[in-house]
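Per the working numbering, residue 386 is the first one in the sequence shown, and the count goes up by one each step. We put the beta carbon where it would ideally sit given N, CA and C, even for glycine.
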Amino acid sequence: MVAEGMVQRGVSIRQLARQFGVRESALRYRLKRRAEGERPDGRAHKPTALDRYEEAVHSILEHLGDGRLTGEGRPVQAREVFEILRREYDFQGSYKSVVRHLARRYGVPPVRALRRVETPPGVQAQHDWFEVAATVRGERVSLPVLVGTLSHSRARFPWVSRTADQLAWHTGHLELFRRYGGVPLWVRIDNLKTGVASGAGPTAVLNRAYQLFARELGFEIDPCRAAKGQDKGKTERSVRIFREHFGDLLAEEWSDLGPLQVALDERAATLLRRLKCPVTGTTVEEALRAEQRHLQPLTRTGEPFDVVVSRRVSRDCLVSFEGRRYSVPFAWVGRDVEVLGTHAQVVIRAGGEEIARHPRRTSALLVLDPAHFEGESTERVLRPPPLGHRARLQLAGLSSASRLSLDLFPSATAVARPIDAYAQLVEALW
C-alpha cells in the first residue's frame, strides 16, 4: 500500500525497491497483483485425502458428541478422529490432512479459558515421582525422587529413594508429611499404579493399599484427570525448580543415599528462605509456618506397607498370606481381617486395631504365637481345648522324668542340701 501511494506521487519503482531493500522485480510483481485485484486461491479447490470420507468424519463427530456440531461442550481431538478413520474406514491419509479438513469444514474451535485455583492453607499437597541421575558409591545410577509441594505456601521438598514401588510410595509420603509439619486434607497425585488401580480423575479406582494408607493418616486422595498436566501444575513447577537448584548436588559423588538426602534437605531449607510465596507475598518459609497451623497433626505415623489384603480366619486360628500361614487370636475365627505387609513385619488388623504381628518372609511356612490360643471364650467362639500335662512337657522339650527332676532339684541358692533330696533325684532319673 505504501509503494502504491509513492508510485502515484511520481516516485520510481527502482528507487522504492532500493529504499525497501527488496528486488525491483518483486515489487513490480506485488504492485501488479494489487492492481489486478484479489484472486481466489486455487489450492482451496484441489482434491484432498478426505474427499471420500466427509460423511464418515461427520458421523464420527456425531457419535462422539463433538461440540462443533452441537454448539455445546468441547470439540473432539483431531487425533481421535484420525485414529478412528484409520481403524474403521481404512483411511490412508495423514494426520495433518484431518486437521486441515476439520478446520476448513467446521472452523477453528474456540479457545477455552483456564480457571486458576488457589487452595486455602492446609488443604492440598501435590506429590509425584521423577527420575534423576546420580553417582552413588562410584556407580552412575538412576534414582526416583518423590517431590512434594504444599499448594498454598509453595513449600517444596524432595525425598530420594532406590525404588518407586508401593512401599517407597508410602514411605515417601510419610517423609514429606514430616517435612511439612503435618498432613494436608487432600493429596493430588498422577495416575500411577501405586496410587490408582484403574481409570483416572474423579472416577478412578484407587489402589487398595494406598487407599488404606490414606485412611490411616487422615487424608483424601485426589487423582488428576487423564493427560491433564495442568491439574498438578505446582508439582510440575517443583520438578523444574529441583532440576535448576539441585543439579550441582547430583553432579557430586555420594557414599550412600543418606548423605545425599541430608544435602537435599539443606538445599530445600535454603530455597524456603529465598523464594517468595505468590499468594501471601512473604517468603515460602514464612508462608509454611503459617500453613502448618492448619495441617492435621501427624500423630499416627504407623508403618508404611506395600500389600494389604482381606482374609478370613480359619477354625485353627490362621490366615494365609504370601504363601505362609499366620496365627491370630482365636476370638476372630470365622471373621474377616486385614493383613498388611510392611518392610519386615506382617501386621494383622481388625476392628480398627492391631490384633497380631509376625515377622515377614521367614523361612518357616507356619508362624504361630501360642498366646493367640489362650484366653476366655466369647459369645461367638469357644476357647480352644487347654493343653494337658503331657502336651505342656512336649512343648517345653521335656520328658516326665526330666520334668520331675527339675521340680525336685534344690534351689541354687540353698546352702545345705539334705541327703533325702539327692535320693529322690537319683530315683527320678533312674
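>> Across the stretch 756-766 and the stretch 708-716, are there enough close Cβ pairs to call them in contact, namely three or more that are closer than 8 Å?
In response: The answer is yes - the stretch 708-716 touches the stretch 756-766, with three or more Cβ pairs under 8 Å.
>> Taking contact to mean 3 or more Cβ pairs, one atom from each stretch, closer than 8 Å, check whether the stretch 498-515 and the stretch 616-623 are in contact.
In response: At 8 Å Cβ cutoff, the stretches touch.
> What number of angstroms, rounded off, separates the C-alpha of residue 547 from the C-alpha of residue 634?
Replying inline: On the sequence shown, position 162 is the one that residue 547 refers to. On the sequence shown, position 249 is the one that residue 634 refers to. Just so you know, the alpha carbons of residue 547 and residue 634 end up roughly 17 Å apart.
> Taking DSSP as the reference, what is the three-state secondary structure of residue 387?
Replying inline: Numbered from 1 along the sequence shown, position 2 holds the residue referred to as residue 387. In this structure, DSSP gives residue 387 a helical state, which the three-state scheme calls helix.
>> Does the structure place the stretch 554-569 close enough to the stretch 532-544 that three or more beta carbon pairs sit under 8 Å?
In response: Yes, since at least three Cβ pairs between the stretch 532-544 and the stretch 554-569 fall closer than 8 Å, the two stretches touch.
>> Quick check: what's the CA-CA separation for residue 552 versus residue 747?
In response: To locate residue 552, count along the sequence shown from 1; it is residue 167. To locate residue 747, count along the sequence shown from 1; it is residue 362. Each residue's alpha carbon lies about 19 Å from the other.
>> Considering Cα atoms alone, identify which of 692, 643, 491 and 763 is closest to residue 374.
In response: No information on residue 374 is available, as it lies outside the stretch 386 to 815 that the chain covers here.
> Looking at the structure shown, is residue 793 part of a helix, part of a strand, or coil, going by DSSP?
Replying inline: For the purposes of this step, residue 793 is taken as residue 408 along the sequence shown, with counting starting at 1. Because residue 793 carries a pLDDT of 47, less than 50, the predicted location of this residue cannot be relied on, and the following value inherits that uncertainty. It is helical.
> So what does DSSP say about residue 522, is it helix, strand or coil?
Replying inline: As a first step, residue 522 is located in the sequence shown; it is residue number 137 there, counting from the start. Coil at residue 522, not helix or strand.
> With a CB to CB cut of under 6 Å and the five nearest residues on each side skipped, what residues in its chain are close to residue 665?
Replying inline: As a working mapping, residue 665 is identified with position 280 in the sequence shown. Counting only residues of its own chain and dropping the five nearest sequence neighbours on each side, residue 665 has a CB closer than 6 Å to the CB of 672.
>> According to DSSP, simplified to helix, strand and coil, what is residue 342?
In response: Outside the modelled stretch of the chain, which goes from 386 to 815, sits residue 342, for which no answer is possible.
> How long is the line joining the alpha carbons of residue 404 and residue 392, rounded to whole angstroms?
Replying inline: Within the sequence shown, residue 404 is the residue found at index 19, counting from 1. Within the sequence shown, residue 392 is the residue found at index 7, counting from 1. Note on geometry: alpha-carbon atoms of residue 404 and residue 392 lie some 13 Å from one another.
> Apart from the five residues just before and just after residue 766, which ones in its own chain have a Cβ nearer than 7 Å to its Cβ?
Replying inline: Translated into the one-based positions of the sequence shown, residue 766 becomes position 381. The answer, listed in chain order, is 715, 716 and 718.
>> Could you pull the DSSP bridge partners for residue 730 from this structure?
In response: By one-based count along the sequence shown, residue 730 stands at place 345. According to DSSP, residue 730 bridges with 744.
>> Just to confirm the assignment: which complete alpha helix (DSSP H) runs, minimum length 4, are found wholly within the stretch 655-683?
In response: Listed in chain order, they are 669-677.
>> Quick test of the definition: if touching needs 3 or more C-beta pairs under 8 Å, does the stretch 407-423 touch the stretch 454-474?
In response: The stretch 407-423 is not in contact with the stretch 454-474.
> Is the stretch 687-707 touching the stretch 650-664, taking contact as three or more C-beta pairs under 8 Å?
Replying inline: Judged by pairs of C-beta atoms under 8 Å, the stretch 687-707 does not touch the stretch 650-664, as fewer than three such pairs exist.
> Can you check whether the CB of residue 669 is closer than 8 Å to the CB of residue 660?
Replying inline: On the sequence shown, residue 660 is found 275 positions in, with the first residue counted as 1. On the sequence shown, residue 669 is found 284 positions in, with the first residue counted as 1. Against a cut-off of 8 Å, the Cβ pair of residue 669 and residue 660 comes out as a contact.
>> Can you tell me which residues form a DSSP beta bridge with residue 509?
In response: Stepping through the sequence shown from its first residue, residue 509 is reached at position 124. Paired residues: 571.
> Which ranges does the alpha helix (DSSP H) cover as unbroken runs of at least 4 residues, wholly within the stretch 558-619, from first to last along the chain?
Replying inline: Counting only runs of at least 4 residues, the stretch 558-619 fully encloses the following alpha helix (DSSP H) elements, listed from N- to C-terminal order: 593-602.
> What did DSSP end up calling residue 541 once you bin it into helix, strand or coil?
Replying inline: For the purposes of this step, residue 541 is identified with residue 156 of the sequence shown, where counting begins at 1. Residue 541 falls in the strand class under three-state DSSP.
>> If I follow the unbroken alpha helix (DSSP H) through residue 484, where does it start and stop?
In response: Looking up residue 484 in the sequence shown gives position 99. Residue 484 -> alpha helix (DSSP H) spans 480-491.
> Straight-line CA distance for residue 818 to residue 499?
Replying inline: With the chain running from 386 to 815 in the structure shown, residue 818 is simply not present.
> Using the C-alpha atoms, what's the distance from residue 636 back to residue 694?
Replying inline: One-based indexing of the sequence shown puts residue 694 at position 309. One-based indexing of the sequence shown puts residue 636 at position 251. Taking the straight line from one Cα to the other gives about 42 Å.
>> Alpha carbons only, please: which of 537, 487 and 580 is nearest the one belonging to residue 597?
In response: As a first step, residue 597 must be located in the sequence shown, where it is residue number 212. Distances from the CA of residue 597 to each of 537, 487 and 580 were compared; the closest alpha carbon is that of 580.
> With distances taken between CB atoms, is the gap from residue 437 to residue 446 smaller than 8 Å?
Replying inline: Taking the sequence shown and counting its residues from 1, one reaches residue 437 at position 52. Taking the sequence shown and counting its residues from 1, one reaches residue 446 at position 61. No.
>> Nearest by alpha-carbon distance to residue 698: which of 723, 707, 394 and 510 is it?
In response: Along the sequence shown, one-based indexing puts residue 698 at 313. Out of 723, 707, 394 and 510, 723 has the C-alpha closest to the C-alpha of residue 698.
> Which two residues bound the contiguous beta strand (DSSP E) that contains residue 546?
Replying inline: In the sequence shown, counting from the first residue as 1, residue 546 sits at position 161. Looking at the DSSP string, residue 546 is not in any beta strand (DSSP E), and its letter there is neither H nor E.
> To the nearest angstrom, how far is it from the Cα of residue 595 to the Cα of residue 662?
Replying inline: Counted from its first residue, the sequence shown places residue 595 at position 210. Counted from its first residue, the sequence shown places residue 662 at position 277. Approximately 30 Å between the Cα atoms of the pair.
> With 16 as the cutoff for other CB atoms within 10 Å, does residue 396 come out buried or exposed?
Replying inline: In the sequence shown, the residue the question calls residue 396 occupies position 11. That one is exposed.
> For residue 529, which three-state DSSP category applies?
Replying inline: Counting from one through the sequence shown, the residue named residue 529 turns up at place 144. When DSSP states are grouped into helix, strand and coil, residue 529 belongs to the strand group.
> Which term fits residue 682, buried or exposed, when burial requires 16 or more other beta carbons within 10 angstroms of its beta carbon?
Replying inline: One-based indexing of the sequence shown puts residue 682 at position 297. Under this definition residue 682 is an exposed residue.
> Where does residue 650 sit, in a helix, a strand or coil, going by DSSP?
Replying inline: Translated into the one-based positions of the sequence shown, residue 650 becomes position 265. Helix.
>> Within 10 Å of its beta-carbon, does residue 773 have 16 or more other beta-carbons around it, so buried, or fewer, so exposed?
In response: Locating residue 773 in the sequence shown gives position 388, counting from the first residue. By the neighbour-count rule (16 or more Cβ atoms within 10 Å), residue 773 is not buried but exposed.
> Alpha carbon to alpha carbon, how far is residue 793 from residue 783?
Replying inline: Here residue 793 refers to the residue found at position 408 of the sequence shown. Here residue 783 refers to the residue found at position 398 of the sequence shown. Note that residue 793 has pLDDT 47, beneath the 50 cutoff, so the model's placement of it is unreliable and the number below is only indicative. Those two C-alpha atoms are separated by around 15 Å.
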